[in-house]
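Asks: One line per chain: the protein sequences are P and Z, in this order.
Residue numbers for the first sequence follow our numbering, beginning at 583 and rising by one.
Residue numbers for the second sequence follow our numbering, beginning at 152 and rising by one.
Could you have a look at this structure, given as structure tokens, before my questions?
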Amino acid sequence: MTKDLKVIVAGGGRVGFQTAELLADRGHDVTIIEQRTDIVEQIADEWVATVIEGDATNPDIIEQAGVEDADAIAALTGVTGLNLAVCMAAKELSPGIRTVARIERSAGESYTRFVDAVVFPERAGARLAANEIVGSDVQTLSDVTGALDIMLIRVHEESPAAGKRLADVRFPSGALVVSDADGERIAGSDTTLTAGKRYVVAVEPAVADEVMNLMRG
Amino acid sequence: MSSQNRAPEAELGLLDATMIGMGAMIGAGIFVLTGLAAEIAGPAAILVFALNGVVTAFTGLSYAELAASIPKSGGGYAFVREVFDDLSSFVMGWMLWFAYMIAGGLYALGFAPNFLELLHVYGMVPPPEQVQAVALPLVDAALPVAVLLAFAAVLLLVAVNAVSTAASGSVETIFTAVKVSILVVFVAFGAVSPMFSTAEFQPLFPQDGGALAVLPAMGLTFIAFEGYDLITTVTEEVENPRENIPKAIFVSLGATVVVYLAVVSVAIGTLGADGLAEAGEAGIAQAATEFMPTGIPVIQNGGAVIVFGAVFSTLTALNAVVIASSRVAFSMGREGQLVSSIGQIHHKYGTPFVAILASAVVMLGSVALPTKSAGNMSSLFFLLSFVVVNVAVIRLRRERPNMHRPYEIPFYPVPPALGILLNLVLTGVLVEYLIRTDPLALGLSVGWILLGGLTYLALDRFRSGSDRDDEQTTELDVTPESDD
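Spelled out as structure tokens, the structure:
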């Protein structure tokens, strides 16, 4: 029984906003905390998340974002120290929450002592750039251009698609199951979606939520 | 369902959003309920619709603020879910779900006599009064014609919606335009007819109730203005929603009130309040057959246009509430507030199949109710859920003062407070009226609330039992473009 996650994103800049948009496309509930009024206005225009205007290190503001029922908080501002502070404050207010902090340097892996996960967008970006420069025919998963997402999705046992052949599951157009259960062959109409196995799936953002419904329940 | 809403390109403009709201509000209420309102309030039925427009406008402001600041397409339930704890939001969803299902029954019941009237206009069946005259005294076996028709209408639309995704907003725009034009024709012909020029609106209030008779009639017809909840269920498809949704709410409400007032004035002016009351659900259609020109080629009878409008409107409104009710149930299932299968998309049909079937059961059952009871119950639950929406606005302002609100209610907190007060007054009046005249509706309403309480407790117990094992597997198994 998976349900949509409630996620707080602190920092509505480039990284924060893109993350919020991806999450919202997959049907999760996102609340953004952002301090700068002009950015708040821009986010509101895009209509992906509820916005709390204020300083994310202020416990009162974190509470207004609904930290008690949130499943995860991602502090994605450009300032590492601030991000760590936000995550730790959130953990203090809601011990069960999953915390993700954006960091500046790869050395920051050691921060996982304080937070559940760290992200380093610059490195991911650099890898993309390197791939692009080499111009290789081989594309990595994260190198998909445009809006398309290639994801690894594990079939949940209670999902509508579990145990069914691909031919019997009506995937929305804009979604394609690429691999079979072992990741060794291209999926065909006879491929069975086995609960607990992961599949490579290509989806357009518009149908990502529906695909999640089918495979995750 | 929500997947289609978060389409990358927002396709509906202000006009489409407005039309969705008007389509729901002008839908069936005007054809089905005017006769009933006239029965209770006499010529003051005009006043009834005007006052209801005013009362509902306060809640409209609250919807506008919530819809502009919470980017979700779930309508009232989604907003309340954002603000309240499990129990309160469950109650809200439970009530709204019921209100829509019963509205479905009401529209189906309104469809049947109008359909009979349409057949009658073409001489295929005797006048509806006669069809029903045979039927009415024998409550169980002989009611069939109308009830069967209503039953069939629900079955048909449920089947269509269960196996295919709903019609898009632009289709809705065309539907609404058709309905409104038919009503404009009705008003135009009615206003120039000799019957209207000798119209008698005196005495304005009925003898036995006086001015206060307006209140129960307001309660009964309140459902007519429930449409903007529907606008907020498609917000994510609307361009620039933070501006267009509040506008669409106000424009559709304003336009609807104008249309209602014109139509009710003409209906009462031509048929008289008593005649309208007698005609019941087919009131407008009958008024039309009295003054519309006859002898037109093909359609023969001008009244047939209006009767067709009534049939068309009740069916499209029925379609809208089948979608709306299943959407509420679906969101509740998604949120874990109903059994999870209700919150799933069918793997083959791509529709919230179980949610539609669950809604269909109650809707089909409600077809056996008298039209008036269905109207009463649906209005009662809309009133109650609108109270909750107004409370949600106030609570959200207090608890989340820093939330960004692109649209803010003017003169806050007066409008939501008035909204709560007036909706509660109407609820009180309606309950009192039900105690006197319709204990069946009241009993069923209380029964639904109790059933809700039991469902909530049962699910709560079930969840606390199984949550433990679930927790470990709920960890994010979805790995998008891994970073390392």
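Just so you know, even glycine gets a beta-carbon here, dropped at the ideal spot from N, CA and C.
Since the structure is predicted, the reported quantities are computational estimates derived from the model, not experimental observations.
Buried or exposed for residue 391 of chain Z, please, with buried defined as at least 16 other CB atoms from any protein chain shown within 10 angstroms of its CB.
Replies: exposed
Asks: Distance check for residue 261 of chain Z and residue 528 of chain Z, CA to CA, integer angstroms please.
Replies: 15 Å
Asks: Thinking C-beta only, is residue 472 of chain Z closer than 8 Å to residue 305 of chain Z?
Replies: no
Asks: Answer yes if the segment 534-547 of chain Z comes into contact with the segment 208-217 of chain Z, meaning at least three C-beta pairs across the two stretches below 8 Å, and no otherwise.
Replies: They touch, by the three-pair rule.
Asks: Along the segment 656-684 of chain P, where does the CB come closer than 9 Å to a CB of chain Z? Name the residues.
Replies: 680
Asks: Would you mind working out which of P:643, P:595, P:676 sits nearest residue 620 of chain P, comparing C-alpha positions?
Replies: P:595
Asks: Judging by CA-CA distance, which residue of Z:483, Z:555, Z:588 is the nearest neighbour of residue 503 of chain Z?
Replies: Selection Z:483, Z:555, Z:588 evaluated against residue 503 of chain Z yields Z:483 as nearest (Cα-Cα).
Asks: Among P:606, P:597, P:607, P:734, whose alpha-carbon lies nearest the alpha-carbon of residue 616 of chain P?
Replies: P:597
Asks: Tell me whether the beta-carbon of residue 118 of chain Z lies closer than 8 Å to the beta-carbon of residue 466 of chain Z.
Replies: Absent from the structure is residue 118 of chain Z, since the part of chain Z shown begins at 152 and ends at 635.
Asks: Find the nearest neighbour of residue 371 of chain Z within the set Z:165, Z:613, Z:202, judged by alpha-carbon distance.
Replies: Z:202
Asks: When you compare each of Z:327, Z:442, Z:574 to residue 667 of chain Z by their alpha carbons, which one comes out closest?
Replies: Outside the modelled stretch of chain Z, which goes from 152 to 635, sits residue 667 of chain Z, for which no answer is possible.
Asks: Under 7 Å between beta-carbons, which chain P residues line up against residue 495 of chain Z? List them in chain order, please.
Replies: 742, 795, 799
Asks: Can you give me the start and stop residues for the beta strand (DSSP E) that residue 780 of chain P sits inside?
Replies: 780-785
Asks: Quick check on this structure: which residue in Z:331, Z:470, Z:196, Z:334 has the alpha carbon closest to the alpha carbon of residue 253 of chain Z?
Replies: Z:470
Asks: Quick one: give me the first and last residue of the alpha helix (DSSP H) that residue 398 of chain Z is part of.
Replies: Element bounds for residue 398 of chain Z: 392-430.
Asks: Touch check for the segment 473-482 of chain Z and the segment 177-189 of chain Z: three-plus C-beta pairs under 8 Å?
Replies: Flag = no, the segment 473-482 of chain Z and the segment 177-189 of chain Z do not touch.
Asks: Quick check: is the beta carbon of residue 834 of chain P nearer than 8 Å to any beta carbon in chain Z?
Replies: Because chain P is modelled from 583 through 799, residue 834 of chain P falls outside the range shown and cannot be assessed.
Asks: In angstroms, rounded to a whole number, what distance separates the CA positions of residue 240 of chain Z and residue 234 of chain Z?
Replies: 8 Å
Asks: The alpha helix (DSSP H) that contains residue 673 of chain P, what's its start and end?
Replies: 662-675
Asks: Step through the CB atoms of chain Z and report whether any lies within less than 8 Å of the CB of residue 632 of chain P.
Replies: yes
Asks: Taking the alpha-carbon positions, what's the residue 273 of chain Z to residue 572 of chain Z distance?
Replies: Taking the straight line joining both Cα atoms gives about 48 Å.
Asks: Determine, using beta carbons only, whether residue 687 of chain P comes closer than 8 Å to chain Z.
Replies: So, not an interface residue.
Asks: So is residue 600 of chain P buried or exposed if we call it buried at 16+ other beta carbons inside 10 Å?
Replies: exposed
Asks: Of the residues P:708, P:593, P:698, which one's Cα is nearest the Cα of residue 660 of chain P?
Replies: P:593
Asks: Please report the distance separating the alpha-carbon of residue 457 of chain Z from that of residue 190 of chain Z.
Replies: 21 Å
Asks: Residue 611 of chain P bridges to which residues according to DSSP?
Replies: In the DSSP output, where bridge partners are listed per residue, residue 611 of chain P has P:588.
Asks: Below 8 Å, can you find three or more Cβ-Cβ pairs linking the segment 491-501 of chain Z to the segment 747-754 of chain P?
Replies: Touching, yes, given that three or more Cβ pairs across the two stretches are closer than 8 Å.
Asks: Please decide whether residue 285 of chain Z counts as near chain P, where near means a Cβ-Cβ distance under 8 Å.
Replies: Bear in mind that the predicted position of residue 285 of chain Z carries a pLDDT of just 42, short of 50, making it too unreliable to give a figure here.
Asks: I need the straight-line Cα distance from residue 490 of chain Z to residue 611 of chain Z, nearest angstrom please.
Replies: Spanning the alpha carbons of residue 490 of chain Z and residue 611 of chain Z requires a straight line of approximately 11 Å.
Asks: Only counting runs of 4 or more residues, tell me where the alpha helix (DSSP H) segments fall wholly within the segment 465-540 of chain Z, in order along the chain.
Replies: 504-517
Asks: Could you say which of Z:173, Z:163, Z:164 lies nearest to residue 402 of chain Z if we only look at CA atoms?
Replies: Z:173
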